[in-house]
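Asks: Protein chains in written order, with our numbering: chain A, 257 to 568; chain B, 4 to 428. Can you read through this structure? Questions will come right after.
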Amino acid sequence: MRFTKKDILDIQSLSKDEISMILDTAVGMKEISERPVKKVPTLRGKTIVMFFQEPSTRTKLSFELAAKRLSADTVSISKSTSSIVKGETLIDTAKNLEAMRPDVIVMRHSSSGAAYQVSKRVGCSVINAGDGTHAHPSQALLDMMSIREAKGKLEGLKVSIIGDISHSRVARSDIIGLTRMGARVSICAPDTMIPVGIENLGCRVEKTMESCVTDADVVMMLRIQKERMGNLLFPTEREYAGLYGLNNRRLGLAKDNVLVMHPGPMNRGVEISSEVADSGCSMILDQVTNGVALRMALFYLVAGGSRHADTD
Amino acid sequence: MQILIKGAQVIDPGRIDGVKDILIKDGKFAQIEEPDQIKPESDTQVIDAEGLIAVPGLIDVHVHLREPGHEYKETIESGLKAAAAGGFTAVCCMPNTKPVNDNAQVTSFIIEQGRKACAARVYPAGAISVGSSGTALAEIGDMKQAGIKAVTDDGLPVSSSQLMRRAMEYCKTMDIPILVHAEDKDLANNGSMNEGPKATALGLRGIPNASESVMVCRDIAMAELTGARVHFCHMSTAQSIDAIRQAKRKGIPVTCETAPHYFTLTDEDIPPYDTNFKMNPPLRSEIDRQAIIEGLKDGTIDMIATDHAPHNIDEKDVEFDRAAFGIIGLETALPLALELVGRGHITMEELVEKMAKAPAELMGINNDLVSGNPADLTLIDPDYEFIVDPDTFISKSRNTPFAGRQVKGRAAMTFGNGIRVYEAK
């Protein structure tokens, strides 16, 4: 099978086979990061633009390291350094970037659909590094990679996602990806954080944290955005932690070899207790490690790596 | 100068329904007779209208003409010509111009520009509050003398219940209807499409049905309290229609309109992030669409208006949540409304009621096809099939979700004051 997608915009548009191919490729890439010299020439001569219109530390760094380990040249522009602050539209900025002939644009933007709209206007590949509350495909893929690495499979697993689903692009992408790969996804949060019709993406909505976590193979906690507390989503962090925080007692309801995940950054003591976050079942740092490998795989697949591999 | 329109199917609801000849003289209807009863004089211009439907001039009670202030989107002239091309002989233009039409000077300017356009007529709506800021009543009496036919803070709900009460009481005194933009902005929460599974999947913030219906319910209560004439604009939800149906049963003096997109499209029809499908209120669910059709059928919805909202491509070719709300509709409304007739939801007579008679009544005018009335007339070609092509629009803007749609029926000719202001090619 050959990877033919020009862009990675969301999980919805990836088939089960394409997801498997990405995950398999990422496994091969992971070894490169373990070498003393963490660099291969695969994407030498390719140019990758990091176009981040929203603050990001780990995702941007992860994409940059991934590009550099494949020997691609990277340039970064952020909101404060882009012409958008001068009033230029997103589409014009994207067209100008394309005119400099990059091979891939990695894009993060606060508006849902921004990467999709840009991809329609540019000939180079676009990788969505998070758009509004729509999608964060590379995060979902690295989550799937991490689960598959630890459990050996995705099919048949029960994955519980707890937290602010409404505002989470990670949750949407994870729900779509995991269910497509045969996992069962349950979600839980107060109704203020459950968007209308989320079950149409294939997940089950649980009323209580306890019922959601029971018999789970994976428990994924989402960050509570403290800046939203004034937004009527929940009364206090104290009450939220009491009702929806992951602690050892609740984790005891899950399967014995449960994995705990978090896309970060964590609010310790709010959605997750330190005893859980730092425990042996925590995959949180493995997710970060796998993120680089997974993003290397995405660059390799969209920037023509697979074509070279076939002909070299 | 005389015009004789021969052999059209003439429909003036409750009054005329049959093949007739219509004689227009000096800008007024002179005679409407059985075929071949009118003998034309030598200088009479004869129009063969066989196969066409002649109806009282269509009136769109909800249009944005953008002038003064945003002439790059639409001018009074381009908007009124687009209206004539869509078969409308008159439109009611909303006051959210720059400056806002909250005083007699702006009203007079609009009327004067409308007169110069030599196209459809314009009936300006004045603002309810100064600057549409929702704080103090505008000079409604003064504007009425200058020519407004209604008041509204269009696009901006009157959030203060007390101000709305006083506005209704004042407008009752002035015998002028209040056009209500029913929206609880707080509940709408800066959303950009209908709250539902599609918005969730696209990651777009949703606008719940209740953001419309809570204000409909409030203003029904206020209409009952004050006895004012209250008209609800662009109704989009099943709950609103239910509330208005009950209010009418109780005899509360309310009317309402919907727009063609609400009975034609749903949020599921929105191509990903296509801003030509972004309007306020947003496209709703299939349940709502069906409720709108039911409301049109049983008479709960009195009229069809377009909410014609021209925007330049600069305001639309951006991220979905940052794009301007609104679509144009003057040049697509008639064929879309005729789809209702084609599908058997309403009769042709009911369509004329909703697009000509009820709007005229709301505006306080008489557009009956009777001798002595100004000859405002629309000739409809019900069989003409075409594909909507925004490049052929007369409006200055192109923001329509209907590009490429196969439709049937259009205005063949539009007459205002007996002058042919539009003729289809």
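In this text, a Cβ means the ideal position worked out from N, Cα and C, and glycines have one as well. It should be emphasised that the depicted structure is a prediction, and the values quoted were computed from it without experimental measurement.
With 8 Å as the limit, tell me which residues of the region 452–474 of chain A have their beta carbon closer than that to any beta carbon of chain B; keep them in chain order.
Replies: Those would be V452, G453, I454, N456 and L457, in chain order.
Asks: For a cutoff of 8 Å on Cβ pairs, would you count A:S318 as touching chain B?
Replies: Taking Cβ atoms only, chain B never reaches closer than 8 Å to A:S318, which makes this a no.
Asks: Taking all protein chains shown into account, decide if B:T403 is buried (16 or more other Cβ within 10 angstroms of its Cβ) or exposed.
Replies: It counts as buried.
Asks: Would A:T389 count as contacting chain B if we go by Cβ distances under 8 Å?
Replies: Yes, its Cβ sits closer than 8 Å to a Cβ of chain B.
Asks: Using a beta-carbon distance below 8 Å, is B:F280 in contact with chain A?
Replies: By this cut-off, B:F280 is not an interface position.
Asks: What are the residues in the region 180–203 of chain B lying within 8 Å of chain A by C-beta distance?
Replies: Per Cβ criterion, the list reads E198, G199, P200, K201, A202 and T203.
Asks: Using 8 Å as the limit for Cβ to Cβ distance, is A:R364 near chain B?
Replies: It does not; no Cβ of chain B falls within 8 Å.
Asks: Are at least three pairs of beta-carbons, each pair with one atom in the region 404–419 of chain A and one in the region 156–169 of chain B, less than 8 Å apart?
Replies: Flag = no, the region 404–419 of chain A and the region 156–169 of chain B do not touch.
Asks: Can you tell me the Cα-Cα spacing of B:T261 and B:M238, whole angstroms?
Replies: Whole-angstrom Cα-Cα distance: 5 Å.
Asks: Just verifying my parser: in three-state terms, what is the DSSP assignment at A:Y556?
Replies: Of the three classes helix, strand and coil, the one that applies to A:Y556 here is helix, per DSSP.
Asks: Please indicate yes or no: does the CB of B:T395 lie closer than 7 Å to some heavy atom of the ligand MN?
Replies: For the structure depicted, the ligand MN is absent and the ligand set is empty, with no information on it obtainable.
Asks: Assuming A:M437 and A:I275 are in contact, meaning their beta carbons sit under 8 Å apart, how far apart are those beta carbons, in whole angstroms?
Replies: Confirmed, about 6 Å.
Asks: Taking only beta-carbon positions, decide if B:L432 is within less than 8 Å of chain A.
Replies: Since the displayed chain B opens at 4 and closes at 428, residue 432 of chain B lies outside it and no answer follows.
Asks: According to DSSP, is B:C236 part of a helix, a strand, or is it coil?
Replies: Looking at B:C236 - three-state DSSP - the assignment turns out to be coil, as it is neither helix nor strand.
Asks: Measuring CB to CB, does A:R428 end up less than 8 Å from B:G144?
Replies: No, the Cβ-Cβ distance between A:R428 and B:G144 is not below 8 Å.
Asks: Among residues of its own chain, excluding the 5 on either side of B:K363, which ones have a beta-carbon nearer than 6 Å to its beta-carbon?
Replies: Strictly speaking, residue 363 of chain B in this sequence is Ala, with Lys absent from that position. Same-chain partners within the cutoff: I62 and N370.
Asks: Over what stretch of residues does the alpha helix (DSSP H) that includes B:V429 continue unbroken?
Replies: The structure shown does not extend to residue 429 of chain B, since chain B spans only 4 to 428, so no value can be given for it.
Asks: Under DSSP, the alpha helix (DSSP H) around B:P385 begins and ends at which residues?
Replies: Element bounds for B:P385: not the alpha helix (DSSP H) but the beta strand (DSSP E), L380 to I390.
Asks: How big is the Cα-Cα spacing for B:E77 and B:P256?
Replies: When rounded, the distance between both Cα atoms is 34 Å.
Asks: Which same chain residues end up closer than 7 Å to A:R506 when comparing Cβ atoms and leaving out the 5 residues on each side of it in sequence?
Replies: Taken in chain order, the residues that qualify are M465, E466 and V469.
Asks: Just curious, the beta strand (DSSP E) that B:A264 is in, first and last residue?
Replies: Residue 264 of chain B is actually His in this sequence, not Ala. Taken as a continuous stretch (DSSP letters only), B:H264 belongs to no beta strand (DSSP E), being part of the alpha helix (DSSP H) at P263 to T267.
Asks: Quick one, which residues of the region 259–286 of chain B are near chain A if we go by CB-CB under 7 Å, in chain order?
Replies: Correct list: P275 and Y276.
Asks: Give the DSSP-derived three-state secondary structure of A:M539 in the structure shown.
Replies: Three-state result, A:M539: coil.
Asks: Can you tell me the Cβ-Cβ gap for A:L398 and A:Y556, rounded? I've got them flagged as a contact below 8 Å.
Replies: Contact doesn't hold; Cβ gap of about 15 Å is too wide.
Asks: Could you list which residues in chain B have their beta carbon closer than 7 Å to that of A:I253, in chain order?
Replies: Given that chain A is displayed from residue 257 to residue 568, the structure contains no residue 253 of chain A and the question cannot be resolved.
Asks: Out of B:I330, B:G329 and B:E352, which one is the CA nearest neighbour of B:A340?
Replies: Among B:I330, B:G329 and B:E352, the Cα nearest to that of B:A340 is on B:E352.
Asks: Excluding the 5 residues flanking B:R248 on each side, which residues of the same chain have their C-beta closer than 6 Å to its C-beta?
Replies: Closer than 6 Å at the Cβ level, and outside the excluded window around B:R248, lie T303.
Asks: Flag this pair as touching only if the region 369–385 of chain B and the region 18–25 of chain B have three or more C-beta atom pairs under 8 Å; answer yes or no.
Replies: The answer is yes - the region 18–25 of chain B touches the region 369–385 of chain B, with three or more Cβ pairs under 8 Å.
Asks: Whole alpha helix (DSSP H) runs in the region 423–488 of chain A with 4 or more residues, listed along the chain?
Replies: Counting only runs of 4 or more, we get 425–436 and 465–469.
Asks: For the alpha helix (DSSP H) containing B:S81, name the first residue and the last one.
Replies: Per DSSP, B:S81 belongs to the alpha helix (DSSP H) from I79 to A88.
Asks: Please confirm whether A:A203 has its beta-carbon closer than 8 Å to some beta-carbon of chain B.
Replies: Since the first residue of chain A shown is 257 and the last is 568, residue 203 of chain A is not available in this structure.
Asks: At 8 Å on the CB atoms, spell out the chain B contacts of A:S367, in chain order.
Replies: Per Cβ cutoff of 8 Å: E322, F323, D324 and R325.
Asks: Closer than 7 Å by beta-carbon distance: list the chain A residues that pair up with B:G209, in chain order.
Replies: Per Cβ cutoff of 7 Å: V452.
Asks: For B:P127, which of helix, strand or coil comes out of DSSP?
Replies: Residue state, collapsed to three classes: strand.
Asks: Please tell me whether A:Q373 has its Cβ less than 8 Å away from any Cβ of chain B.
Replies: Closer than 8 Å: yes.
Asks: What is the DSSP secondary structure of B:M196, counted as helix, strand or coil?
Replies: Looking at B:M196 - three-state DSSP - the assignment turns out to be strand.
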